[in-house]
Structure formats: C-alpha cells, structure tokens
Amino acid sequence: MSNRFDQEKSIFIFRILEKSVLKGLNGLSSSTERNTKYLLYDAGMAVYTHIGNSVLAEKYYKKCTEIADAVGLEDYLTTRNLMVVSCCDCFDLDRAETISAENISYQEVLSDVKKEIHISDISENGSVSLGRTYSQDAQILAFLRDKRAEAQFQNALNCFLYSSVDYKITQSYLLHFYLDNYEKGRYRELCCFSPCKSLLH
C-alpha cells in the first residue's frame, strides 16, 4: 500500500510540475527554454521508469532525444542510461544492449577527452562514468547468458578504485554471474583475492 501511495504521489507531483514549468517558459531565451524542457522531460522519464511504466518512460525519452543538443553529452548519456534501465524493466534486453553498446562508445571517447584535460572523473585506469556504463552493459549481457559479460565486468572494475563503492557493487555482480553460470572455481578465486572471503563459508 505504501509503495503504491508513493508512486501515485510521484506522478501527481510530476504532473503539477510539468504544467507549472511549461506555463512559465514564456519570456525565457530559446536556449534556456530548451534546457528547462529537457530537464523536465528527463525528470518525467525518471518518474515513469521508477514506477515501471515503460510506455510513458519511452514518451519522455523521445522528447529528450528531440532536444538533446540542449544539454551536454554527459547529461544526455545519463538519460540514455536510464532508458537502458527502462528497457530492462520491460524485458526488452536486445534494445537495452544496443543502447548500452552505443553508450560505451560515447563514454570511451569522452573518457579519452577527460584524460587529455585532466578532469577529476578519471581514476587511475579510466573514467568512473565509463566504468558504470561497462557495468550496466555487463549486467544486460549476464541476463542474456552471454559469456562476454565477464570481460565487461572486468572492464568496469578496471575503471574503479579498489576501495570505491562502485568497485564493490560491480564485484558483487560478477560473483553472482559466476554463481549463475556454475563457475564455482572462478567464484572462489575472486573471493580468495578480495575482501569477499567470508562468502566462501
């Protein structure tokens, strides 16, 4: 009951926000108007993805793509990552993998640029944002029972600092992948060389 109430409350708040924001756009510069609309549509997509309404999530995703040039590449990639989540929620894994693979290509280019100009998102081995995109793609491949998931999880781990939360989360996904594929040896090997030793017992 509480979860349903929270979902209805989220939709109610967003609908009021949408009407209010769209009415208040008059007088804004074209670039500010487009940026504001993008942020609004992205919020709508987040709300409907959160409650599992893939149809309306798709609607707001399309609105975002129509004015994607109103925001920076990183913001747009965040929106695309959310679309991957929505696709997974409705079990459209093939589309999720297609979008995810494209996101990786964009993030790899962005990571190289960040390295050139010394942006702080870069860890010793790569971009944290890139690592999260690798991790997301690896999860999709794991759902598809695709063996490439292991390499993609490793790519993600290589982007994170060993002590980071992102590293631990991705490591747990990899451990589950080994269990799901009955690779007990690989599971034990990873546990033996990590703080996960307690999982062996």
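In the working numbering, the protein residues as written are 27 to 227.
Cβ coordinates follow ideal geometry from the N, Cα and C atoms, glycine included.
Burial of A83 is indicated by the presence of at least 16 other C-beta atoms within 10 angstroms of its C-beta. Secondary structure note for G157: its alpha helix (DSSP H) is the uninterrupted segment 154–169. One thing to note: C114 has its Cβ no nearer than 7 Å to the Cβ of A127. Between A177 and L167, the C-beta gap is not smaller than 7 Å, which leaves the two residues out of contact. Across the structure, L65 and S131 are spaced so that their CA atoms are roughly 24 Å apart.
For N52 and E92, the gap between their C-alpha atoms comes out near 20 Å. Y87 is the residue among E142, S190, R171, Y87 whose C-alpha sits nearest the C-alpha of L103. According to the DSSP assignment, L65 belongs to the alpha helix (DSSP H) that extends over 56–76. With fewer than 16 neighbouring CB atoms inside 10 Å of its own CB, T58 falls in the exposed class. Restricting attention to alpha helix (DSSP H) runs no shorter than 4 residues, the segment 109–134 encloses none. Taking a 10 Å sphere around the C-beta of F179, we find 16 or more other C-beta atoms and assign the residue as buried.
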